[in-house]
């Protein structure tokens, strides 16, 4: 991989696309050129990057000529259709959609956990689900130290996970509700203002929804072992950061102080708490921030080696765009 | 207890007080007289009940003369101070605050579960915490059938749990936020509009907050056995219904169909789900409704006898006022 690659962003006009642009700029990502790709509808639009306007181009099968890295965030069906063309053109695709994540030919990477998996890529590297990334950043260092036997997770997921339009709709619907006006939801399929609902991804035969199965299955793939995770995913009327309540059972004895120590020195993780005033990380605190924030560590009184933990991270950032950019940075080093 | 008692409501002007009035009216509760008690600040205010205006009286130690049943919902310190005076005057106090709940001299009652405990009251009967009531209504019938070994609960609690002023503040703060205006929180001690936070009740030495310990300890008292419950309580920007994600481990083997059957025939519980369209109970669906609604039953893939369950109930209604009125109804029967 060259030092200054030609990069393309697929889905440049979406919520994650915007964040990818911001991160490339902020992290001073070395670039020879940057191509912005979107649907025909958005083609021609201009987006400012490092002080220059870049014209959005239409995503086609021929548009990857000369591109070294594709950051793909335009939806699973478009990744399925276009990633092979990008690979054929010689690019490595960092795919932020769910399409290739469980493909045994495709590594699934969180740079703080399994950066070595990047090496066996065959042109596509998958970025895990947002809720998975946030959870495993805290789970992995604890697992290495104490052995995680089982994890029960309940999520509090923001509108951003459903895209920029869902965020807009939540704002508009809330404004309407406060005015006592009717509102017809078109992005989210049920009332969302001052409401919450079990995650609306498709439900499988076993009763879990896809979002939950992603957290459960992707964790095993990232950890290279059969991880026991069960999840309940819930969408809450929050703009862009996801929260998670984790109940973790360890194989081995531990102390709360040791668990704090492990998390304090874990890459990508920050302990965020103000115990004196009983204040802990909230979505508004961490929106726009890089790390996943943890706190409220306490011994589960119902188990010998149980830990309760609160976790909040920016879904658009480390949960999506940042992890993808970190993978791209590893590609440059590799 | 006479057939048509003289009833007094302590805290008649609060959120639960208003719901108590509505329920007495709606359930055609037999009354000889109704006294509305509140602080000096609210005394003199008129509240309509069954077509008549009742003047709110000031809560004093002498105001319970001739009262048979007091429905107390004015806060723990006022219950502590005034309940003994009410008992001395011959009344039975149904206390909706936390003050007497764990007192071994005071029964803690959910009428669907342990109505017999009313019989040994010495003048005070405690109404459990709202999150506890909602949880145990589903847990108890499952426990009787399959033996509940351990429960992990994460809550999604509405503003109503913090009172009518918190609900108003959430509305005002959300309106301000949508206008891009600054807002100073005075009821809730942190930003709440489009935000959520771990429950702000006082934190104990072991790291659990009081709200969580209530769910854990009260369950054991209501079930008359040592129940293993661990909870994480979270306040979400919802108006008045609480949701709970429950992960339950049974002693015995079960099938999902049997679990549904148990819950379908459980008093106070309704199965609410539309599996075809992937729609489940939400706070807006159940606000103002009596039952606790359950759904999304699925086998926890990480345990032999594990069950995942989604639960939503109106915090002000069954979580507080309705349970208290049901206790009063049992007193009339008894």
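Chains as they are written, first to last, in the UniProt record's numbering: chain A, 1 to 334; chain B, 1 to 334.
Ideal placement from N, C-alpha and C gives every residue a C-beta, glycine not left out.
Just so we're clear, the structure is a prediction, and the values are computed from it rather than from any experiment.
{"Asked": "The segment 248-262 of chain B contacting the segment 166-175 of chain A, beta-carbon criterion three pairs below 8 Å", "Found": "no"}
{"Asked": "Backbone secondary structure at residue 172 of chain B - three-state DSSP", "Found": "helix"}
{"Asked": "Residue 256 of chain A burial status per 10 Å Cβ neighbour count (16 or more: buried)", "Found": "exposed"}
{"Asked": "Residue from B/78, B/89, B/106, B/25 with nearest C-alpha to residue 52 of chain B", "Found": "B/25"}
{"Asked": "Under the three-state DSSP convention, the category residue 131 of chain A falls into", "Found": "helix"}
{"Asked": "Rounded separation between residue 109 of chain B and residue 49 of chain B - CA only", "Found": "27 Å"}
{"Asked": "Beta-bridge pairing of residue 326 of chain A - partner residues as DSSP gives them", "Found": "Note: residue 326 of chain A sits in no beta bridge, so no partner."}
{"Asked": "Contact set between residue 300 of chain B and chain A, taken where Cβ atoms lie within less than 9 Å", "Found": "152, 230"}
{"Asked": "Residue 313 of chain B - DSSP class collapsed to helix/strand/coil", "Found": "strand"}
{"Asked": "For residue 280 of chain B, the residue or residues it bridges with in DSSP", "Found": "B/273"}
{"Asked": "Residue 304 of chain B, buried or exposed, once every other Cβ within 10 Å from all chains shown has been counted against 16", "Found": "exposed"}
{"Asked": "Paired residues, beta bridge with residue 242 of chain A - DSSP", "Found": "A/313"}
{"Asked": "Buried or exposed (CB count within 10 angstroms, at least 16 for buried), residue 242 of chain B", "Found": "buried"}
{"Asked": "Top-ranked residue by Cα proximity to residue 127 of chain B, from B/7, B/318, B/332, B/175", "Found": "B/318"}
{"Asked": "The segment 272-281 of chain A contacting the segment 185-205 of chain B, beta-carbon criterion three pairs below 8 Å", "Found": "yes"}
{"Asked": "Cβ of residue 175 of chain A within 7 Å of any chain B Cβ", "Found": "yes"}
{"Asked": "Residue from A/33, A/240, A/217, A/311 whose Cα sits closest to the Cα of residue 103 of chain A", "Found": "A/217"}
{"Asked": "Through-space distance from residue 249 of chain B to residue 111 of chain B, alpha-carbon basis", "Found": "25 Å"}
{"Asked": "Entirely enclosed alpha helix (DSSP H) segments - the segment 164-232 of chain A, minimum 4 residues", "Found": "164-178, 210-223"}
{"Asked": "Straight-line Cα distance separating residue 187 of chain B from residue 277 of chain A", "Found": "15 Å"}
{"Asked": "7 Å CB neighbourhood of residue 124 of chain A in its chain, flanking five on each side removed", "Found": "83, 87, 93, 95, 100, 106"}
{"Asked": "Any non-hydrogen atom of the ligand FAD closer than 6 Å to residue 46 of chain B Cβ", "Found": "Looking at this structure, you won't find the ligand FAD or any other ligand, since it has none at all."}
{"Asked": "Alpha-carbon spacing of residue 161 of chain B relative to residue 240 of chain B, whole angstroms", "Found": "7 Å"}
{"Asked": "Beta-carbon neighbours of residue 195 of chain A, restricted to chain B and to distances below 8 Å", "Found": "238, 282, 283, 284"}
{"Asked": "Given 8 Å, three or more beta-carbon pairs between the segment 144-156 of chain B and the segment 230-240 of chain B", "Found": "yes"}
{"Asked": "Cβ pair residue 294 of chain B, residue 309 of chain B closer than 7 Å", "Found": "yes"}
{"Asked": "Chain B residues whose Cβ lies nearer than 8 Å to that of residue 207 of chain A", "Found": "256, 296, 297, 298, 299, 308"}
{"Asked": "Host beta strand (DSSP E) of residue 92 of chain B (start-end)", "Found": "92-95"}
{"Asked": "Bridge partner(s) assigned by DSSP for residue 295 of chain B", "Found": "B/310"}
{"Asked": "Near-chain B residues of the segment 156-188 of chain A - C-beta to any C-beta below 7 Å", "Found": "156, 171, 174, 175, 178"}
{"Asked": "Residue 100 of chain A - DSSP class collapsed to helix/strand/coil", "Found": "coil"}
{"Asked": "Closest Cα partner of residue 323 of chain A within the set A/3, A/57, A/17, A/204", "Found": "A/17"}
{"Asked": "Chain A residues whose Cβ lies nearer than 8 Å to that of residue 190 of chain B", "Found": "279, 282"}
{"Asked": "4 or more residues per run - each alpha helix (DSSP H) lying fully within the UniProt domain \"Semialdehyde dehydrogenase NAD-binding\" (6-121) of chain B", "Found": "15-26, 76-88"}
{"Asked": "Closer than 7 Å to chain B by CB, residue 203 of chain A", "Found": "yes"}
{"Asked": "Residue 335 of chain A, buried or exposed, once every other Cβ within 10 Å from all chains shown has been counted against 16", "Found": "Outside the modelled stretch of chain A, which goes from 1 to 334, sits residue 335 of chain A, for which no answer is possible."}
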